[in-house]
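Colleague: Residue numbers (the working numbering), protein chains in the order written: chain A, 120 to 334; chain B, 120 to 334.
No residue lacks a Cβ here, since even glycine has one placed at the ideal position from N, Cα and C.
Owing to the predicted nature of the structure, the values given are computational and were not obtained by experimental measurement.
This is the structure I have questions about; it appears just below.
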DNA sequence: GACGAATCCCTAACAGTGTTATGCTATATT
DNA sequence: AATATAGCATAACACTGTTAGGGATTCGTC
């Protein structure tokens, strides 16, 4: 992604970037905000059920899906990748943290219904976020392979997270399993099968890398 | 970090990078391997105790310390930051995964002693890694602020991770507390107070960012 | 409708980047 | 001692983000 390439593909000159976004960083910042908005609307499309633990697991699945389908964008959103000199500002991070709101509400319901141990719902939501983010990040960067591949890690991690928060083995296992079905219903069966949007991510992400590319 | 700046500070020309490392990517790769080695020797310096849960928490603390003291290097090691065109190769990632070995052994001891539920120790070690990595990553990128700052998140996450693996609230709390003391003894009291090494990280990391820098 | 103003965009250039080709200079080898 | 080789410097190429200056187009207003 470079200003000259953008100009070439758009059939214009590099100046359009500067008149519309101020700089390349400005363009990246706009993309990051778009990504946060996309994540927020994905959370909004979740139909909350009567099982808060299942709903919590569902937010994790949506987060992972979003990350995988917008891999490059996701990396920039959470500061992982320094794209064209862009660095996250405190305002940008605030945009990101805002997406925790539905997770906090979910955690509060889990605690209120006695599924989770009494605790600060913000802290519980953070635990979910941190662990899920770590799993997604390492998955994206290719660190999770057989026999502990990303799917296996993610599924079992969902259960252990619920256990760590206070749920029982049986209840957590069942809720996580049910969340997988709800997730499938939500994205496979719906008319909106993807969180990827309109090519904001340049087609990168999950493709295989050849060794020659790395040197 | 650029070839010309390196050359200038070293009082040579840019060619030294190419004769010694092949390319800028090659230099970064060497730094990454150095970073993995540094993490491995940090794990090696841990004196394993009779409490495997405490030891497991200790590896998490060492991981976090290492990340904070080598922030930029850490970001490159785990694929977060694309530095000068460098991309992780499968071989590089294998170097990284190798650092999980002591964590896996720790997890196995936790299971063998009945502190953790019977499970695949590799998977348990991965859960620890994923969650800790997420916490560290988001801490490094400034996402953890009051009231859920990095310290609070990390400490409480350690406990919930042990609970998720099967430990009891009382035992986990005590082991995590004890690990903090062991950690302090290990790094504050020892003759080697830092994991930072010799300026491989360019002095970045935890310094404050000014708003003007981000645009 | 006509004029002023603002906006948008192109071309050209500057400073920076990684990288390569060429040649020189020391050191090491035989 | 003669040769081979390794290491480094210079200069250049192709690329990057960014800025300055000059046209063209559109908009608002009289």
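If I measure Cβ to Cβ from residue 273 of chain A and keep anything under 6 Å in the same chain, skipping five residues before and after, which residues do I get?
Modeller: For residue 273 of chain A, where only same-chain residues beyond five positions count, the Cβ hits under 6 Å are 254.
Colleague: Run through DSSP, which three-state label would residue 177 of chain B get?
Modeller: Reduced to three states, the DSSP call for residue 177 of chain B is helix.
Colleague: What's the call for residue 139 of chain A, buried or exposed, on a 16-neighbour Cβ count within 10 Å?
Modeller: When all chains shown are included, residue 139 of chain A counts as exposed.
Colleague: Do you know whose CA, among B:219, B:217, B:145, lies nearest residue 202 of chain B's CA?
Modeller: Taking only the C-alpha atoms, the option nearest residue 202 of chain B is B:145.
Colleague: So that I know if they touch, is there some Cβ in chain B lying closer than 8 Å to that of residue 275 of chain A?
Modeller: For residue 275 of chain A, the answer is yes, since a Cβ of chain B falls inside 8 Å of its Cβ.
Colleague: Between B:172, B:153, B:156, B:181, which has its C-alpha nearest residue 165 of chain B's C-alpha?
Modeller: For the residues B:172, B:153, B:156, B:181, the minimum Cα distance to residue 165 of chain B belongs to B:181.
Colleague: Excluding the 5 residues preceding and the 5 following residue 159 of chain A in the sequence, name in chain order all residues of the same chain whose CB lies nearer than 6 Å to its CB.
Modeller: Cβ within range, chain order: 218.
Colleague: Apart from the five residues on each side of it in sequence, which residues of its chain come closer than 6 Å, Cβ to Cβ, to residue 198 of chain B?
Modeller: Here the set comprises 207.
Colleague: What number of angstroms, rounded off, separates the C-alpha of residue 303 of chain A from the C-alpha of residue 196 of chain B?
Modeller: Each residue's Cα considered, the two are about 34 Å apart.
Colleague: Just reading off the alpha helix (DSSP H) that residue 221 of chain B is part of, what are its end residues?
Modeller: Residues 220 to 231.
Colleague: Closer than 8 Å, Cβ to Cβ, to anything on chain B: give me those residues from the region 188 to 199 of chain A, in chain order.
Modeller: From the region 188 to 199 of chain A, only 194, 197, 198, 199 have a Cβ closer than 8 Å to chain B.
Colleague: Listed in chain order, which residues of the region 280 to 300 of chain A have Cβ atoms closer than 9 Å to some Cβ of chain B?
Modeller: Taking 9 Å as the Cβ-Cβ cut-off against chain B, the residues of the region 280 to 300 of chain A that qualify are 280, 281, 282, 283, 284, 285, 288.
Colleague: Are the C-beta atoms of residue 242 of chain A and some chain B residue less than 8 Å apart?
Modeller: Yes, its Cβ sits closer than 8 Å to a Cβ of chain B.
Colleague: Where does residue 156 of chain A land, buried or exposed, given buried means 16+ other C-beta within 10 angstroms?
Modeller: It counts as exposed.
Colleague: CB-CB under 7 Å to residue 277 of chain B, same chain, minus the five flanking residues each way: which ones, in chain order?
Modeller: Taken in chain order, the residues that qualify are 176, 179, 295.
Colleague: Check whether the Cβ of residue 262 of chain B lies closer than 8 Å to any Cβ atom in chain A.
Modeller: Closer than 8 Å: yes.
Colleague: Applying the criterion that 16 or more other CB atoms from any shown protein chain within 10 Å of the CB defines a buried residue, is residue 222 of chain A buried or exposed?
Modeller: Residue 222 of chain A comes out buried.
Colleague: Kindly list the residues whose CB is nearer than 6 Å to the CB of residue 200 of chain B, restricted to its own chain and excluding five residues on each side of it in sequence; keep chain order.
Modeller: Only 194 meet the Cβ criterion.
Colleague: Just to check my reading of the structure: residue 284 of chain B and residue 235 of chain B have Cβ atoms closer than 8 Å, yes? What is that Cβ distance to the nearest angstrom?
Modeller: Indeed they touch by this definition, with Cβ atoms about 4 Å apart.
Colleague: What residue does the alpha helix (DSSP H) around residue 262 of chain B start on, and which one ends it?
Modeller: Careful: residue 262 of chain B lies outside any alpha helix (DSSP H) and carries neither H nor E.
Colleague: State yes or no: is the beta carbon of residue 333 of chain A nearer than 8 Å to at least one beta carbon in chain B?
Modeller: Low confidence applies to residue 333 of chain A: its pLDDT is 32, below 50, so where it sits in the model is not reliable, and the reading given next is rough at best. Yes - at least one Cβ of chain B is within 8 Å of the one on residue 333 of chain A.
Colleague: If you check the beta carbons only, do residue 250 of chain A and residue 170 of chain A fall under 8 Å apart?
Modeller: The answer is no: Cβ separation not under 8 Å.
Colleague: My guess is that residue 122 of chain A and residue 150 of chain A are in contact by the Cβ rule of under 8 Å, so how many angstroms apart are they, rounded?
Modeller: At roughly 14 Å, the Cβ-Cβ gap does not stay under 8 Å, so residue 122 of chain A and residue 150 of chain A are not in contact.
Colleague: Run through DSSP, which three-state label would residue 132 of chain A get?
Modeller: Three-state result, residue 132 of chain A: coil.
Colleague: For residue 137 of chain A versus residue 215 of chain B, is the C-beta spacing smaller than 8 Å?
Modeller: Cβ distance not < 8 Å, so residue 137 of chain A and residue 215 of chain B don't count as in contact.
Colleague: Tell me the DSSP secondary structure of residue 160 of chain A in three-state form.
Modeller: Helix, per DSSP.
Colleague: What does the alpha-carbon distance come out to for the pair residue 292 of chain B and residue 282 of chain B?
Modeller: About 9 Å.
Colleague: Should residue 183 of chain B go down as buried or exposed, given a rule of 16 or more other Cβ atoms within 10 Å for buried?
Modeller: So residue 183 of chain B counts as buried.
Colleague: Could you spell out where the alpha helix (DSSP H) holding residue 267 of chain A opens and where it closes?
Modeller: Residue 267 of chain A -> no alpha helix (DSSP H), and no H or E assigned at all.
Colleague: Between the alpha carbons of residue 241 of chain A and residue 230 of chain B, how many angstroms are there, rounded?
Modeller: Cα to Cα, residue 241 of chain A sits roughly 30 Å from residue 230 of chain B.
Colleague: Counting only beta-carbon separations shorter than 8 Å, does residue 266 of chain A have a partner in chain B?
Modeller: Chain B contact via Cβ: present.
Colleague: Measure from the C-beta of residue 233 of chain B to each C-beta in chain A and report whether the shortest distance is under 8 Å.
Modeller: Not one chain A Cβ lies under 8 Å of residue 233 of chain B.
Colleague: May I ask you to report which of helix, strand or coil DSSP gives residue 207 of chain B?
Modeller: Note: residue 207 of chain B maps to coil in three-state DSSP.
Colleague: Return yes when the Cβ of residue 252 of chain A is within less than 8 Å of the Cβ of residue 257 of chain B, no when it is not.
Modeller: Yes. Within cutoff.
Colleague: Would you say residue 225 of chain A lies against chain B (beta-carbon separation less than 8 Å)?
Modeller: So, not an interface residue.
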